[in-house]
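2 protein chains.
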Amino acid sequence: MLITRSTDYAVRALKYLAEKGKEASAAELTQKLKIPRAFMRKIMQLLGKNGFVESRKGPGGGFLLLKKPEEIFLIELIKLFQGQVCLNECVFKKKVCVNKSSCFLSKKLGEIEEYAYLVLSRINLKEIMEGGRSYGETQNN
Amino acid sequence: MLITRSTDYAVRALKYLAEKGKEASAAELTQKLKIPRAFMRKIMQLLGKNGFVESRKGPGGGFLLLKKPEEIFLIELIKLFQGQVCLNECVFKKKVCVNKSSCFLSKKLGEIEEYAYLVLSRINLKEIMEGGRSYGETQNN
DNA sequence: CTAAAAGATACTAGAGTGGTATCATTATGT
DNA sequence: ACATAATGATACCACTCTAGTATCTTTTAG
Ligand code: FES
Ligand code: FES
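Those protein sequence lines, which keep their order, are chains V and U.
Per the working numbering, numbering of the first sequence is gapless, rising by one per residue and ending at 141.
Per the working numbering, numbering of the second sequence is gapless, rising by one per residue and ending at 1141.
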């Protein structure tokens, strides 16, 4: 999987905040986006620690978007919630493979990773918001 | 991870068989490729069931390659050992997302998957054998 | 002072990967 | 025939990752 739920939920939350343009609480996000509450809170905390949103405690508090949608890149969220994008790690993880530089398979997988990285690096929140009306709208079941 | 150890080990085993040109037992593969024995056996069994190799029981028995290296494509091994290549599955796995067709993110991830699939579909064992002297040679640590 | 919010943090359940172990079956060579 | 060497089938285990829960503390509005 290129994208996990954490990342996806983060995108949805940021999208919601961007569209609203005002502060929103975790409770509101939870309800509107139909995402489990405790999980949403954890995600928002991480977004807060990393400068995507500002948080305000106390009654009426919540989260406020700190960046413009066009400044939020998908790759950053992926790195934040999933760690570095890596599709071609040699199967001998830690003990770095001595032959990696001359390994044909590694080279090919590296090409794929490079392409993926490029595509993901270009995608920003603004694009996601404009690209499809449907993303982030939850389904009926 | 695009490729797991099972797949990688399968490639190594097939490569060894192709280079040898004769039957080889699991014990031999295990020793030469430095892969855990029981694991190697499991992999060979799966390769046997799927027509990549023929197996002969009894003393002196082992596995014989059934296909030409240029007829063995990496994508087939990936499918066999890891299931279908899928990088862009919607986070709402089973309950198919109603909006998938108009989802911007899904479209972008689909592009990446398509590219990956294309690259992997073209790679065959012959290429891997010629491509780099080093692949499949185990390291010293 | 109370209640509503977020912060911090620990925990759990399930799936997938990597690997082991055991017993049954088949074939070979003497 | 029989011991042995090989694979077949199958069940099991340990570890990691993902998704999600739960609890307690801190801050702040009214
Ligand atoms: S085998 Fe390690 S990089 Fe190719
Ligand atoms: S949100 Fe389900 S396919 Fe995009």
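Even for Gly, the Cβ is constructed at its ideal location relative to N, Cα and C.
### Task
Could you please give the first and the last residue of the uninterrupted alpha helix (DSSP H) stretch that includes residue 85 (chain V)?
Mapped onto the first sequence, residue 85 (chain V) falls at position 85. From DSSP, residue 85 (chain V) is part of no alpha helix (DSSP H); its letter is neither H nor E.
### Task
Tell me whether residue 1083 (chain U) is buried or exposed, calling it buried when 16 or more other Cβ atoms sit within 10 Å of its Cβ.
What you label residue 1083 (chain U) is simply residue 83 of the second sequence in a count that begins at 1. Exposed, because fewer than 16 other Cβ atoms sit within 10 Å of the Cβ of residue 1083 (chain U).
#### Entry: Contacts that residue 21 (chain V) makes with chain U (C-beta to C-beta distance below 8 Å)
In the first sequence, the residue the question calls residue 21 (chain V) occupies position 21. Simply none; closest approach about 21 Å.
### Query
Three-state secondary structure (DSSP) at residue 58 (chain V)?
Locating residue 58 (chain V) in the first sequence gives position 58, counting from the first residue. The answer is coil: DSSP assigns residue 58 (chain V) none of H, G, I, E or B.
### Query
How about residue 74 (chain V) and residue 17 (chain V): do their beta carbons lie closer than 8 Å?
For the purposes of this step, residue 74 (chain V) is identified with residue 74 of the first sequence, where counting begins at 1. For the purposes of this step, residue 17 (chain V) is identified with residue 17 of the first sequence, where counting begins at 1. Taking 8 Å as the cut-off, the Cβ atoms of residue 74 (chain V) and residue 17 (chain V) do not count as close.
### Query
Counting along the chain, where does the alpha helix (DSSP H) carrying residue 1018 (chain U) start and finish?
Mapped onto the second sequence, residue 1018 (chain U) falls at position 18. Run containing residue 1018 (chain U): 1005-1020, per the alpha helix (DSSP H) assignment.
### Query
Closer than 8 Å, CB to CB, is residue 1061 (chain U) near chain V or not?
As a position in the second sequence, residue 1061 (chain U) is number 61, starting the count at 1. Residue 1061 (chain U) is outside the set of residues whose beta carbon lies under 8 Å from a beta carbon in chain V.
### Message
When you compare the CB of residue 1119 (chain U) with every CB in chain V, is at least one pair closer than 8 Å?
### Response
On the second sequence, position 119 is the one that residue 1119 (chain U) refers to. So, interface residue.
### Task
For residue 116 (chain V), return the contacting residues in chain U, with the cut-off set at a CB-CB distance below 7 Å.
Here residue 116 (chain V) is taken as the residue at index 116 of the first sequence, counted from 1. Per Cβ cutoff of 7 Å: 1112.
#### Entry: Which residues DSSP lists as bridging residue 1053 (chain U), in chain order
To locate residue 1053 (chain U), count along the second sequence from 1; it is residue 53. U:1065.
#### Entry: Neighbour flag for residue 1126 (chain U) against chain V, beta carbons, 8 Å
To locate residue 1126 (chain U), count along the second sequence from 1; it is residue 126. Interface with chain V (8 Å Cβ-Cβ cutoff): residue 1126 (chain U) is excluded.
### Task
Sort U:1055, U:1072, U:1060, U:1058 by Cα distance to residue 1012 (chain U) and report the nearest one.
Against the second sequence, residue 1012 (chain U) aligns to sequence position 12. The candidate whose alpha carbon is nearest that of residue 1012 (chain U) is U:1072.
### Message
Contact defined as beta carbons within less than 8 Å: I believe residue 131 (chain V) pairs with residue 1104 (chain U). What is the distance between those atoms, to the nearest angstrom?
### Response
In the first sequence, residue 131 (chain V) corresponds to position 131, counting from 1. In the second sequence, residue 1104 (chain U) corresponds to position 104, counting from 1. So it is a contact: roughly 3 Å between Cβ atoms.
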